[in-house]
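Beneath this line is the structure, given in structure tokens, with notes to follow.
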Amino acid sequence: MSIKPNTVVSLTYELHTTNEEGQQVFVEKADEQNALVFLYGTGMMLPKFEEHLAGLNVGDEYNFELTAADGYGEKDPGAFADLPKDMFKEVDLPNVGDVIPLQDNEGNHFRAGVTAVNDTTIAVDLNHPMAGKNLIFGGKILSVREATEEELSHGHAHGADGHAGH
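Residue numbering for the sequence shown follows the working numbering, beginning at 1114 and increasing consecutively.
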């Protein structure tokens, strides 16, 4: 069976980006014991990621690169903020490099990277950690199956075999 909309795909991958010197840098991976399983064609994955997988079959290997624009977008220079330090009086102050959970006025949760700790503020980068970076993927298709009616109604996969609960 080929990868097409409304199929459940299980795959391995290694994700790399490139640093300022143009060298590949390892980010993360999913191996056969901890495969990535998702419902294809429902917007859960990056559109260009799915585009590169379309039509592949079990056992096929893939390698491709997504530009920053096709991944998580370019860095938004306006997506930086200074948070008052007293916001953190109930918890330990974060350090530069930490990723902290935040919530906006509408209750949406997101994460921000700490870029500086000042006398009265904590400077954070609200961009996605992979914004501005090309994404280099390589891996193998482990399984492809038709999604169940329940998975389609829920909008997500229930595991490689369709039986994982939630």
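We put the beta carbon where it would ideally sit given N, CA and C, even for glycine.
Sheet register partners of residue i (DSSP bridge)
i       : result
Gly1252 : Tyr1126, Tyr1175
Ser1266 : In DSSP, Ser1266 forms no bridge with anything.
Lys1117 : Lys1117 pairs with nothing; no bridge assigned.
Glu1141 : Leu1128
Asp1238 : Phe1193, Gly1226
Glu1284 : The structure shown does not extend to residue 1284, since the chain is modelled only from 1114 through 1279, so no value can be given for it.
Whether residue i touches residue j by CB criterion (8 Å)
i       : j       : result
Arg1224 : Val1212 : yes
Pro1197 : Thr1233 : yes
Tyr1303 : Phe1250 : This structure cannot speak to residue 1303, because the chain is shown only from 1114 to 1279.
Leu1248 : Leu1166 : no
Lys1246 : Ala1182 : no
Val1140 : Asn1132 : no
Gly1268 : Thr1155 : yes
Whole-angstrom C-beta distance between residue j and residue i, which should lie under 8 Å
i       : j       : result
Gly1191 : Ser1115 : Not quite, the Cβ-Cβ distance comes to about 42 Å (not below 8 Å), so this is no contact.
Val1171 : Ile1254 : 6 Å
Thr1228 : Asp1238 : 5 Å
Gly1252 : Tyr1175 : 6 Å
Leu1265 : Asn1119 : 6 Å
Closest residue to residue i among the options (Cα-Cα distance)
i       : options                            : result
Glu1178 : Lys1188, Glu1164, Ala1229          : Glu1164
Ile1235 : Ala1194, Phe1151, Glu1219, His1267 : Ala1194
Gly1184 : Leu1159, Ala1277, Val1237, Asp1217 : Leu1159
Ala1244 : Lys1188, Lys1202, Phe1151, Lys1142 : Lys1188
His1241 : Ala1229, Asn1231, His1222          : His1222
Glu1263 : Val1257, Gly1272, Phe1139          : Gly1272
Ala1277 : Glu1219, Gly1220, Val1150          : Val1150
Lys1142 : Leu1124, Gly1135, Val1204, Gly1186 : Leu1124
Glu1145 : Ala1260, Thr1261, Ser1256, Ala1270 : Ser1256
Continuous beta strand (DSSP E) assignments of at least 3 residues falling wholly in the segment 1153 to 1236: 1174 to 1179, 1193 to 1197, 1212 to 1216, 1222 to 1230
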